[in-house]
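In structure tokens, the structure reads:
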């Protein structure tokens, strides 16, 4: 269904580019309905996600174990490209998944860790404590998150670690304007 | 009012993280989709893309073998035998401006930053189904029109040559500042 035949594709040529238009190949899946007949696919999906949420804690523990193992390997063999990538991907997955799994503070700490790995000019020179504090914070947040009184502590921990990491990155990148610009730039991607 | 018949849509989901694939599958099935194919790396995704001819691709950025960005670039080959026009939704933990721009320039149709939400995913799908953009082919780019807003009054330096307004060279702000010193 996704592809129109070549005869349906219209090409307008200009000096530096072509504009290619075609009938919407997905138009057949759009149906006009009365408002009373509209269902709620988003609500249905949110309910399905809520039913799945019983597994989130276990999934999060697996993600954290992966991060922990990646860091142990780095401590043993140093920041080889493979180990650096594995540590980054483990942190990056937690950054993306943790909020969905109910651990938004862990996502914040993981994002901070990703920034350190991505923007530190020499990972071997980064104080090991900066890594261990981030990883231990994620471990603690995941293991303690079920206790309500810990949630504000988690958020504060995440905020402070981000501040320490950002200060460090701003300092070590003071002569690297292209990195400094990225470090200081706000996130612009729409989340909704 | 419009409704999407998800049961007529074929999806290809590409993410190396099995938990995220499970979440995506759950969301898409809840929307009503029946055909959801899954790949855990870019190479498998490209193979499945050719084999199953999905209507919509949802891909992560960071993946083994080749990543979501390379996958998008391989799909957007205007001379390929496959379908170079399929909508590509990039779902990623990367959310820096630089990354969004790079994804756009690789031919990605929509960008959705994690954490994923049912509403965010639905809106991106609705957008690619109901509001497809024309494709642009230049020497260095093939993909959906990167300009989402039509502004006929725009006379800036990046207007394409040959359309209603030709390129208008304007001094940069830096040059202007220098000239006033």
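Protein chains in written order, with this note's numbering: chain Z, 34 to 225; chain V, 1406 to 1586.
The beta carbon of each residue, even a glycine, is placed where N, CA and C say it ideally should be.
Everything numeric in this text was worked out from a predicted model, so none of it was measured.
Report task. Please list the partners that residue 1523/V has in chain C, where partner means a Cβ-to-Cβ separation under 7 Å. Result -> Of the protein chains in this structure, namely Z and V, none is chain C.
Requested in this report: Just the C-alpha distance for residue 1406/V and residue 64/Z, rounded to the nearest angstrom, thanks.
Outcome: 8 Å
Query raised in the report: So residue 202/Z packs on residue 148/Z, CB below 8 Å; how close in whole Å?
Result: 6 Å
Query raised in the report: Ordered along the chain, which non-local residues of its own chain (more than five positions away) have a Cβ less than 7 Å from that of residue 1426/V?
Result: 1418, 1420, 1443
Query - Touching by the beta-carbon criterion (3+ pairs, under 8 Å), the stretch 1536–1553 of chain V and the stretch 1477–1484 of chain V - result: yes
Report task. Leaving out five residues on either side along the sequence, give the residues of the same chain with a beta carbon under 8 Å from the beta carbon of residue 207/Z. Result -> 213
Query - Nearest neighbour of residue 204/Z, chosen from 171/Z, 120/Z, 175/Z, 159/Z [CA to CA] - result: 159/Z
Query raised in the report: Would a C-beta distance cut-off of 9 Å place residue 176/Z and residue 197/Z closer than the cut-off?
Result: no
Requested in this report: Can you have a look at residue 191/Z and say buried or exposed, based on whether 16 or more other CB atoms are within 10 angstroms of its CB?
Outcome: buried
Query raised in the report: Are residue 1491/V and residue 1462/V close, meaning C-beta to C-beta below 9 Å?
Result: yes
Query raised in the report: By DSSP, does residue 45/Z sit in helix, in strand, or in coil?
Result: strand
Query raised in the report: Among the residues of its own chain, which have a CB less than 6 Å from the CB of residue 1433/V, if the five just before and after it don't count?
Result: 1416, 1441
Query raised in the report: So, are the CB atoms of residue 143/Z and residue 131/Z less than 9 Å apart?
Result: yes
Query raised in the report: Closer than 9 Å, CB to CB, is residue 129/Z near chain V or not?
Result: yes
Query raised in the report: Where does residue 1496/V sit, in a helix, a strand or coil, going by DSSP?
Result: strand
Query raised in the report: Closest by CA to residue 195/Z, which one among 150/Z, 173/Z, 211/Z, 141/Z?
Result: 141/Z
Query raised in the report: Can you pull the DSSP bridge partners for residue 1517/V?
Result: 1496/V
Query raised in the report: Since residue 53/Z meets chain V, which of its residues come closer than 7 Å, beta carbon to beta carbon?
Result: 1539, 1540, 1542
Query raised in the report: What span of residues does the beta strand (DSSP E) with residue 1442/V cover, start to end?
Result: 1440–1444
**Report entry** Range covered by the beta strand (DSSP E) that runs through residue 210/Z
**Finding:** Not the beta strand (DSSP E): residue 210/Z falls in the alpha helix (DSSP H), residues 210–217.
Query raised in the report: Taking only beta-carbon atoms, is residue 1554/V less than 9 Å away from chain Z?
Result: no
Report task. Could you tell me whether the stretch 1533–1544 of chain V touches the stretch 45–55 of chain Z, where touching means 3 or more Cβ pairs closer than 8 Å? Result -> yes
Report task. With DSSP as the reference, please indicate the residues paired to residue 108/Z in a beta bridge. Result -> Answer by DSSP bridge pairing: none, since residue 108/Z is not bridged.
Query raised in the report: Residues bridged to residue 51/Z by DSSP?
Result: 46/Z, 1542/V
Query raised in the report: Quick one: Cα of residue 187/Z to Cα of residue 1522/V, how far?
Result: 22 Å
**Report entry** Pick from 1510/V, 1526/V, 1516/V that is closest to residue 1551/V, judged by C-alpha positions
**Finding:** 1510/V
Query raised in the report: For residue 1417/V, which beta-bridge partners are listed by DSSP?
Result: 1442/V, 1462/V
Query raised in the report: Along chain V, which residues have their Cβ under 9 Å away from the Cβ of residue 64/Z?
Result: 1407, 1408, 1409, 1410
Report task. Could you spell out where the beta strand (DSSP E) holding residue 1470/V opens and where it closes? Result -> Neither: residue 1470/V is in no beta strand (DSSP E) and is coded neither H nor E.
Query raised in the report: Can a CB atom of chain Z be found closer than 9 Å to the CB of residue 1550/V?
Result: yes
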